[in-house]
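> What follows is a structure written as structure tokens; I'll ask about it next.
Number of protein chains: 2
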Amino acid sequence: MSDTTLSEEDVDPTPRLGRKRDHSRDPEILAAALDILAEKGYERMTVDMVATRARAGKATLYRRWPSKAELVIDAVACMKSTHPADLPDTGSLRGDLVANIKAPAVKDGERKLRIMAGMVSLMSESPEFADAARSVIVEPRAAALRTLIRRAIDRGEVTPDVDVHVLAQVIPSMTAYKSLMLGQAVDREYIITLVDEVLLPALGLPAP
Amino acid sequence: MSDTTLSEEDVDPTPRLGRKRDHSRDPEILAAALDILAEKGYERMTVDMVATRARAGKATLYRRWPSKAELVIDAVACMKSTHPADLPDTGSLRGDLVANIKAPAVKDGERKLRIMAGMVSLMSESPEFADAARSVIVEPRAAALRTLIRRAIDRGEVTPDVDVHVLAQVIPSMTAYKSLMLGQAVDREYIITLVDEVLLPALGLPAP
DNA sequence: TCTATACGACACTCGTCAGTTCCGAAACCA
DNA sequence: TGGTTTCGGAACTGACGAGTGTCGTATAGA
Chain A
128 MSDTTLSEED VDPTPRLGRK RDHSRDPEIL AAALDILAEK GYERMTVDMV
178 ATRARAGKAT LYRRWPSKAE LVIDAVACMK STHPADLPDT GSLRGDLVAN
228 IKAPAVKDGE RKLRIMAGMV SLMSESPEFA DAARSVIVEP RAAALRTLIR
278 RAIDRGEVTP DVDVHVLAQV IPSMTAYKSL MLGQAVDREY IITLVDEVLL
328 PALGLPAP
Chain B
128 MSDTTLSEED VDPTPRLGRK RDHSRDPEIL AAALDILAEK GYERMTVDMV
178 ATRARAGKAT LYRRWPSKAE LVIDAVACMK STHPADLPDT GSLRGDLVAN
228 IKAPAVKDGE RKLRIMAGMV SLMSESPEFA DAARSVIVEP RAAALRTLIR
278 RAIDRGEVTP DVDVHVLAQV IPSMTAYKSL MLGQAVDREY IITLVDEVLL
328 PALGLPAP
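Line by line, the protein sequences give chains A and B.
Under the working numbering, read the first sequence as residues 128 to 335, first letter to last.
Under the working numbering, read the second sequence as residues 128 to 335, first letter to last.
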């Protein structure tokens, strides 16, 4: 799904004529779309805004994506998902959780939350938007936290009785709540509070 | 703020002439606005939809509220807030938390979440929408949970060391996350899971 | 009864935005 | 070099929605 923009080329039998499409512009356009989506929301974002921010013509966008909806879905689907394999391994769960909070990751997380916010009302009506957002923004983060907790269980640090699936949602849901519902910034310090006051105690570990 | 619709009458010095405005229609119109807001979101909701659903003319709406934005803000502000004083008191925190999950309250909570969802992208740009939504939907629920936890502390059931403010957000944020981000229904059973697997353990109480 | 207003219903204006088309310039290929 | 396509830019079309005005009817006070 992430190579939608290339698929027609692969299938196309005719070795096209004339000037070639400059696919190096795709990422800039998609990034511009995500920027505007994050700051305005889907409905208040206009295709003209995206074209202007990407320093492209609107016709260029419509030559590549058939509609605003497809452009946004592609932009979300092509987002680099959060660090697939570079999970920390410090030997303790708290160490892993804290090491997982890097300054750029927090800023990046806040941006992804804003992008989600811009799509929330659409997601309940359109499964395509919902799937794109969930598989790229929501799921990777939850998967990372599940892995860290499972490692702690394997290590014997945490009892296997805990509900990994639910507890892995504590940090993502509470940061989303603070940012979207309360309108407050989520910083490193707040996430550490969540780790020490909520997640670790809920796992039966003592707060430091 | 909730009596915005009446204020001009109070101040108006002239004892108006002609047919009187039928204020008994206000609640129906505001309820229709909330319904459409919940199912479509602010941007996709049209004033015509609200008028039609309320079986009213569009002019009637504009005679009462100067704009779509003010209509929605008033609709949200006039929502009945969740049970102000009828908090349960069963003697144990778990008993209180479980007793607090009544079937209508869960359904009502889901609707309020949908209403929030319809305004999330606006809230970051317009403090008026944000304040209305937070003071009526978000804050009362958090306040109720803070009260239940503080009672448990006073009772000696829970240590006073806990971060009441943060822990009172566990249930609201995780139900909002499940509903809005994951697109899954929130039922009584799930809330009990949150109580037993997250909140009570985080407060240092044993899961039953 | 007379006048003024509210009512629902509908037509209307006006701005905005998705999507299309055209332009001159540039780039690719035969 | 000439035909074909892309580019950014801008004008254009068509639909839709916020807000207004009008019409016939209903209801209030004078």
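Here a beta-carbon is modelled for each residue, glycine too, at the ideal position from N, C-alpha and C.
Quantities reported herein were computed from a predicted structural model and do not represent experimental measurements.
Taking Cβ-Cβ distances below 8 Å as the criterion, which residues of the segment 287-313 of chain A are in contact with chain B?
From the segment 287-313 of chain A, only V289, D290, V293, L294, Q296, V297, P299, S300, M301, A303, Y304, K305, L307, M308, L309 and G310 have a Cβ closer than 8 Å to chain B.
> Spell out whether any CB of chain B is found under 9 Å from the CB atom of Y189 (chain A).
For Y189 (chain A), the answer is no, since every Cβ of chain B falls outside 9 Å of its Cβ.
> Between the alpha carbons of L164 (chain B) and V263 (chain B), how many angstroms are there, rounded?
The alpha-carbon atoms of L164 (chain B) and V263 (chain B) are separated by roughly 15 Å.
> Would you mind telling me which residues of chain B sit closer than 9 Å to L236 (chain A), beta carbon to beta carbon, in chain order?
In the sequence as displayed, the identity of residue 236 (chain A) is Gly instead of Leu. Simply none; closest approach about 13 Å.
> With a threshold of 8 Å on Cβ separation, who are the neighbours of E237 (chain A) within its own chain once the five nearest residues in sequence on each side are excluded?
Correct list, in chain order: S306, A312 and V313.
> L294 (chain A) and E266 (chain B) look like a contact to me (Cβ under 8 Å); what is the Cβ gap, rounded to whole Å?
With 8 Å as the limit, L294 (chain A) and E266 (chain B) do not qualify as a contact, their Cβ atoms being about 26 Å apart.
> Confirm, please, whether the CB-CB distance from M243 (chain B) to S300 (chain A) is below 9 Å.
Contact flag unset, no.
> Could you spell out where the alpha helix (DSSP H) holding I319 (chain A) opens and where it closes?
Looking at the DSSP string, the run of the alpha helix (DSSP H) that includes I319 (chain A) is R315 to L321.
> With DSSP as the reference, label V177 (chain B) as helix, strand or coil.
DSSP places V177 (chain B) in helix when its eight states are reduced to three.
> For D137 (chain A) and D149 (chain A), what's the separation of their Cα atoms in angstroms?
For D137 (chain A), the pLDDT reaches just 43, beneath the cut-off of 50, and the residue's location in the model is therefore unreliable, although a value from the coordinates is still provided. Distance between the alpha carbons of D137 (chain A) and D149 (chain A) is about 16 Å.
> Assess contact between the segment 244-256 of chain A and the segment 176-188 of chain A, defined as three or more Cβ pairs (one per stretch) separated by less than 8 Å. Is contact present?
Contact between the segment 244-256 of chain A and the segment 176-188 of chain A is absent, because fewer than three Cβ pairs lie under 8 Å.
> Residues of chain B with CB closer than 9 Å to the CB of V265 (chain A), please, in chain order.
Near V265 (chain A) (Cβ distances below 9 Å), the residues of chain B are Y304, M308 and L309.
> At 7 Å on the CB atoms, spell out the chain B contacts of M206 (chain A), in chain order.
The contacting residues do not exist; M206 (chain A) stays about 16 Å from chain B at best.
> Can you list, in chain order, the residues of its chain with a C-beta nearer than 6 Å to that of L275 (chain A)? Leave out the 5 residues immediately preceding and following it.
D223.
> Of all the CB atoms in chain B, is at least one closer than 9 Å to the CB of R152 (chain A)?
No - not a single Cβ of chain B is within 9 Å of the one on R152 (chain A).
> Report the residue from B:S194, B:E197, B:A196 and B:L161 whose alpha carbon sits nearest the alpha carbon of A181 (chain B).
Minimum Cα distance to A181 (chain B) is reached at B:L161.
> Exposed or buried, which one is T302 (chain B) when buried takes at least 16 other CB atoms within 10 Å?
So T302 (chain B) ends up on the buried side.
> For chain B, find out if any of its Cβ atoms is closer than 9 Å to the Cβ of E324 (chain A); answer yes or no.
For E324 (chain A), the answer is yes, since a Cβ of chain B falls inside 9 Å of its Cβ.
> Could you have a look at S208 (chain A) and say whether DSSP puts it in helix, strand or coil?
Residue state, collapsed to three classes: coil.
> Check the Cβ-Cβ distances between T179 (chain A) and every residue of chain B, and say whether any is below 9 Å.
So no, T179 (chain A) is outside the interface.
> Can you give me the C-alpha to C-alpha distance between T320 (chain A) and T179 (chain A), rounded to a whole angstrom?
Going by the C-alpha atoms only, they are around 41 Å apart.
> Could you check the C-alpha separation between V322 (chain A) and K195 (chain B) for me, to the nearest Å?
Looking at the two C-alpha atoms, the distance is approximately 42 Å.
> Could you spell out the range, first to last residue, of the alpha helix (DSSP H) harbouring V233 (chain A)?
Counting along the chain, the alpha helix (DSSP H) containing V233 (chain A) begins and ends at A230 to M250.
> What do you reckon, are the CB atoms on M206 (chain A) and K239 (chain A) nearer than 9 Å?
Yes. Within cutoff.
> Please confirm whether E136 (chain B) has its beta-carbon closer than 9 Å to some beta-carbon of chain A.
With a pLDDT of only 37 at E136 (chain B), under the threshold of 50, the placement of this residue in the model should not be trusted, and no figure is reported.
> Count the other CB atoms within 10 Å of the CB of G168 (chain A); is the residue buried (16 or more) or exposed (fewer)?
Buried, by the Cβ-count rule.
> Going along the segment 226-252 of chain B in order, which residues come within less than 9 Å of chain A, judged by CB to CB distance?
Against chain A - using a Cβ distance shorter than 9 Å - the residues of the segment 226-252 of chain B are R241, M243, A244, G245, M246, V247, S248, L249, M250, S251 and E252.
> So, are the CB atoms of I298 (chain B) and P287 (chain B) less than 9 Å apart?
Against a cut-off of 9 Å, the Cβ pair of P287 (chain B) and I298 (chain B) comes out as no contact.
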